[in-house]
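Residue numbering for the sequence shown follows the numbering used here, beginning at 1108 and increasing consecutively.
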Amino acid sequence: MTDICYPSCAKPQTRRGEERRLALLLCASDLFLEKGYEAVSLDDIVNHAGGSKTSIYKYFGNKEGLFTAICDYRREVFFKGVCFPYTPETSTLRDYLMHTLLRFYQHIIQPENIAFMRMFTEQTQKDPQLAHYFYNQCALNIQNTISSALEHAHANNEIYCAQPQFSATMYFGILRDVEWRNLMGLDVPANDAETIDYINYSVDLFLKAHQKA
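Written out as structure tokens, the structure reads:
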């Protein structure tokens, strides 16, 4: 990969254009997961999705831009379904941290998400620009969301958290073992009750470490 060009490419101006772009994106995602990124050509994508390569060049720039757009699309889905901003009016901090981890866990153990993360990790090894782009757009964004929640709780005297970014990094480390198992193809805990107990235990320890003196 050489250039993340898709963000500056043309945006669909009609609903039909948006549907065409999404169809290409989803078709490419399925093919990449089925055959591997390197084994799929733009012709393969067009043959499955219909249309022409002109649309790919128009909306994504090239194959690399298309892959980047797929990653961005999956990131948006993640934030809509997994990682929400903290709203203390409707949830306690403990419940927020608990439910975020549970949603995150259910997301990362899905077979399609495991397969995509493996493919993504392989591609970022070949392209540092892609790695930096998505670290800033996804991993860092997720940490910032939790950091903001901890900062808010600290300001309201619920907890003591002088370094919310450090604490947010520590928080997501709770599921690091599961992420490693996924990447290496090892089994993940299948017992939901055990997983819930582990997350409860870990969140309680995390909050205990942030108790006000």
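For glycine and all other residues, C-beta sits at the position ideal for the given N, C-alpha and C.
Note that the coordinates shown come from a computational prediction; the quantities given were computed from them, not determined experimentally.
- Note that the C-beta distance between residue 1118 and residue 1149 is not below 7 Å.
- Judged by beta-carbon spacing, residue 1254 lies beyond the 7 Å limit of residue 1270, meaning their Cβ atoms are not closer than that value.
- The Cβ atoms of residue 1238 and residue 1231 sit closer than 7 Å to each other.
- Restricted to the stretch 1139-1172, the alpha helix (DSSP H) segments that are unbroken, complete and at least 4 residues in length are 1149-1156 and 1160-1167, listed in chain order.
- DSSP places residue 1289 in the helix class (H, G or I) of the three-state scheme.
- With distances taken between CA atoms, residue 1189 lies nearest to 1214 out of 1214, 1198 and 1174.
- Burial is judged here by how many other beta carbons sit within 10 angstroms of a residue's own beta carbon; residue 1291 has fewer than 16 and is exposed.
- Per DSSP, the continuous alpha helix (DSSP H) segment holding residue 1207 begins and ends at 1200-1215.
- With contacts defined by Cβ atoms closer than 7 Å, residue 1156 and residue 1176 do not form a contacting pair.
- In this structure, residue 1266 sits near residue 1317, with a CB-CB distance shorter than 7 Å.
- The beta carbon of residue 1144 sits closer than 7 Å to the beta carbons of 1174, 1226 and 1230 from its chain, once the five residues preceding and following it are set aside; these are given in chain order.
- Rounded to whole angstroms, the separation of the alpha carbons of residue 1286 and residue 1259 is 28 Å.
- Residue 1134 is positioned such that its CB atom lies no closer than 7 Å to that of residue 1182.
- Sequence-distant Cβ neighbours of residue 1205 in its own chain, meaning closer than 6 Å and more than five residues away, are 1310.
- Residue 1118 sits in coil when the DSSP states are folded into three classes, being neither helix nor strand.
- When rounded, the separation of the alpha-carbon atoms in residue 1172 and residue 1178 is 10 Å.
- Contact check for residue 1306 against residue 1200 fails: the beta carbons are separated by 7 Å or more.
- Residue range 1247-1262 is occupied by the alpha helix (DSSP H) that includes residue 1250.
- The C-beta separation of residue 1282 from residue 1211 comes to about 6 Å, placing the pair in contact by the 8 Å criterion.
- In terms of Cα proximity to residue 1319, the closest of 1268, 1303 and 1279 is 1268.
- In the structure shown, residue 1304 adopts helical secondary structure according to DSSP, grouped into three states.
- Membership of residue 1296 in any alpha helix (DSSP H) is not indicated, and neither H nor E is assigned to it by DSSP.
- Contact between residue 1140 and residue 1151 is absent: CB atoms are separated by about 13 Å, not below the 8 Å threshold.
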